[in-house]
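Undergrad: 2 is the number of the first residue of the sequence shown in the numbering used here; add one for each residue after it. In this text, a Cβ means the ideal position worked out from N, Cα and C, and glycines have one as well. On a predicted model such as this, the values are computed, not experimentally measured, just so you know. Input: one structure, supplied below.
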Amino acid sequence: SCGFVGAARLARAVRQLHQAPQSSGAHTQFRAAVESLLH
């Protein structure tokens, strides 16, 4: 179930980044989601 939570978090981060590609917050959320999946 942890993988599903991580995937959902990553999907949200990708949507935010797609909607606001210049947003530093969106980039931060995306990087955090990727890092959480890798660890």
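#1: From the DSSP output, in three-state form, read off His40 for me.
#2: Distance check for Gln20 and Ser37, CA to CA, integer angstroms please.
#3: Suppose contacts are defined by Cβ-Cβ distances below 8 Å. Is Phe31 in contact with Leu18 by that definition?
#4: Return the CA-CA distance between Ala12 and Ala34, expressed in angstroms with no decimal places.
TA: Concretely, from the data shown:
#1: Mapped onto the sequence shown, residue 40 falls at position 39. Correct three-state label for His40: coil.
#2: Start at 1 with the first residue of the sequence shown, and residue 37 comes out as number 36. Start at 1 with the first residue of the sequence shown, and residue 20 comes out as number 19. Those two C-alpha atoms are separated by around 22 Å.
#3: Counting from one through the sequence shown, the residue named residue 31 turns up at place 30. Counting from one through the sequence shown, the residue named residue 18 turns up at place 17. Cβ atoms of Phe31 and Leu18: closer than 8 Å.
#4: Here residue 12 refers to the residue found at position 11 when the sequence shown is read from its first residue. Here residue 34 refers to the residue found at position 33 when the sequence shown is read from its first residue. Their Cα atoms are separated by approximately 9 Å.
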